[in-house]
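*Asks:*
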């Protein structure tokens, strides 16, 4: 009996003994033919599911929580001769491209289509961490708005071709994300595995003592290790252990000229410049607490001036914003503070003439400081872009002014040593605190607030007004930078405010509280 479609050529009466089919097959004549592609991920192909081919992780694997793996490039079969594209796949690909258009600016066409292709020790959680770094962590640590974010444009292209750097990126992202999801044991385990892989890789490279692309990326890897330790609230000595290694590595790279005609060399040079700036910020932002005994200060042995080549890097300011020259004054004021404590320990009741002159010079530097003006190139742009540039510059200027007000406080208290300040000095400090509070409130949800923690803690160490104290704690708790080290900063300030001793005031009082309660305050 020949049949065409649903209608048979000769109708026969239905047999009553034959049950009617509940689910008849859809007629083949009316089926829509789909030509399968062979460029989807291995996971979807194994499950016989349609893959939207979004890199680095397709939406199907994200939705089902699966490990998204991709075939090697040389194993992907070419489209057969005469084979047509799949109807409707253009729309899916267009949507995927829109979702990943921010990756196009990374020039990722010259790297593998999957961030974990050819790499081991990566899991489905790794893809989750990669996405979180791209959308959250890299944005949080970048002090800027309009400029390209080098934590994406410089770091990720290299990470996609270097497993050691990729492990470092994912470890930082995991440390950030696990604070938000403390009950996710799989996330914490994956983060720890990436961290261990970084430590092993760094140790292997240093032990080998070879010169390779990995060596060029190594300073940036160590900078990310420092970031991980801070976000994980590791002891401050652990952070400075990494800084010591990074300093030796970067000093060995100074003066090395990479071939400018090589794209990889340019990328590595940018990575080293970013590592220099990041590590310099770690040093300067953790220079606050004065010690009469330099051996007790983990950062006392560090000086990290940036060379002219590094400070003139096109993307310089990704961490410091417009405040690098102000941050440079922090160790000078701290040195003044420490010298006064040493004089006290020697029985010298009043500050020496040398210290008073040095203080006046530092205050003069703070008074005369000004941020670089808005570049003239903005004047040639259209009105909309010009307004955006002006707004960006104003944010940067307000963040720098916030730090400048904190430096005034630091310098004003530098010669008090361990003694409580006079009422007139407290009144002067309170005016600076009011200015910092106003500026920090304005900048709270803006990108340039990323490097304000030093200034905020400095102001907080001198706060005596209960309303301002509550406002500061509330601001830290609601900060968009939800990280563990902010909790340590909150706890340190609250313990300082609760301390009834007369010298529980300012950076010296904060040092006393931190030592008393064995806290590890690290600021980024």
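In UniProt numbering, the protein residues as written are 1 to 524. We put the CB at the ideal spot given by N, CA and C, even for glycine. Values in this document were obtained by computation on a predicted structure and should not be read as measured data.
I'd like the list of long-range same chain contacts for residue 442, defined as Cβ closer than 8 Å, with 5 residues on each side in sequence excluded.
*Replies:* 398
*Asks:* Grab me the residues of residue 285's own chain with a C-beta within less than 6 Å of its C-beta, minus the 5 sequence neighbours each way, in chain order.
*Replies:* In chain order, 454 and 523 place their CB closer than 6 Å to the CB of residue 285, counting only its own chain and leaving out the 5 sequence neighbours on each side.
*Asks:* For the stretch 403-414 and the stretch 323-331, state whether three or more C-beta atom pairs, one from each stretch, are separated by less than 8 Å.
*Replies:* yes
*Asks:* Just to confirm my understanding: we take residue 461, look at its own chain, exclude 5 residues before and 5 after, and list those with CB closer than 8 Å. What are they?
*Replies:* 493, 496, 505, 506, 507, 509 and 510
*Asks:* Check this for me: beta carbons of residue 164 and residue 126, under 8 Å apart or not?
*Replies:* Cβ distance not < 8 Å, so residue 164 and residue 126 don't count as in contact.
*Asks:* Start and end of the alpha helix (DSSP H) containing residue 201?
*Replies:* Counting along the chain, residue 201 sits inside the alpha helix (DSSP H) bounded by residues 185-208.
*Asks:* Could you please give the first and the last residue of the uninterrupted alpha helix (DSSP H) stretch that includes residue 143?
*Replies:* Per DSSP, residue 143 is not a residue of any alpha helix (DSSP H), being assigned neither H nor E.
*Asks:* Can you give the Cα-Cα distance for residue 238 and residue 140, rounded to whole angstroms?
*Replies:* 23 Å
*Asks:* Span of the alpha helix (DSSP H) holding residue 320?
*Replies:* Neither: residue 320 is in no alpha helix (DSSP H) and is coded neither H nor E.
*Asks:* How big is the Cα-Cα spacing for residue 168 and residue 128?
*Replies:* Computed Cα separation, rounded: 15 Å.
*Asks:* By alpha-carbon positions, which one of 342, 469 and 372 ends up nearest to residue 416?
*Replies:* 342
*Asks:* Roughly how many whole angstroms lie between the Cα atoms of residue 368 and residue 54?
*Replies:* 53 Å
*Asks:* Nearest-angstrom Cα distance between residue 336 and residue 424?
*Replies:* 21 Å
*Asks:* When burial is assigned at 16 or more other CB atoms within 10 Å of the CB, is residue 61 buried or exposed?
*Replies:* Classification of residue 61: buried, given that the 10 Å Cβ count is 16 or more.
*Asks:* I'd like the span of the alpha helix (DSSP H) that includes residue 423, first residue to last.
*Replies:* 423-443
*Asks:* When burial is assigned at 16 or more other CB atoms within 10 Å of the CB, is residue 467 buried or exposed?
*Replies:* exposed
*Asks:* I need the straight-line Cα distance from residue 175 to residue 483, nearest angstrom please.
*Replies:* Put simply, the backbone Cα of residue 175 is about 9 Å away from that of residue 483.
*Asks:* State the Cα-Cα distance for the pair residue 157 and residue 317, rounded to the nearest angstrom.
*Replies:* 20 Å
*Asks:* Considering only the beta carbon of each residue, do residue 223 and residue 275 sit closer than 8 Å?
*Replies:* yes
*Asks:* State the Cα-Cα distance for the pair residue 220 and residue 371, rounded to the nearest angstrom.
*Replies:* 28 Å
*Asks:* Just the Cα atoms here: how many angstroms apart are residue 188 and residue 49?
*Replies:* 30 Å
*Asks:* In angstroms, rounded to a whole number, what distance separates the CA positions of residue 514 and residue 387?
*Replies:* 45 Å
*Asks:* Quick one, which of 412, 338, 353 and 391 has its alpha-carbon nearest residue 364's?
*Replies:* Proximity to residue 364 across 412, 338, 353 and 391 peaks at 412, based on C-alpha coordinates.
*Asks:* Rounded to the nearest angstrom, what separates residue 434 and residue 464 at their Cα positions?
*Replies:* 12 Å
*Asks:* Taking the alpha helix (DSSP H) that residue 354 belongs to, which residues open and close that run?
*Replies:* 353-368
*Asks:* In three-state terms, what does DSSP make of residue 530?
*Replies:* Absent from the structure is residue 530, since the part of the chain shown begins at 1 and ends at 524.
*Asks:* Would you give the residue range spanned by the alpha helix (DSSP H) that residue 474 belongs to?
*Replies:* 466-477
*Asks:* What whole-angstrom Cβ distance do residue 59 and residue 52 have, given they're in contact under 8 Å?
*Replies:* 5 Å
*Asks:* With a 10 Å radius around its C-beta and 16 neighbouring C-beta atoms as the bar for buried, classify residue 431 as buried or exposed.
*Replies:* Result: exposed.
*Asks:* Am I right that residue 362 and residue 333 are in contact with their C-beta atoms under 8 Å? What's the rounded C-beta distance?
*Replies:* 6 Å
*Asks:* Run the CB neighbour count on residue 287, radius 10 Å, all protein chains shown included, and call it buried at 16 or more, exposed below.
*Replies:* buried
*Asks:* Do you know how far the Cα of residue 490 is from the Cα of residue 472?
*Replies:* Their backbone Cα atoms lie some 9 Å apart in a straight line.
*Asks:* Keeping to the same chain, check which residues put their C-beta closer than 6 Å to that of residue 166; ignore five residues upstream and five downstream.
*Replies:* 159
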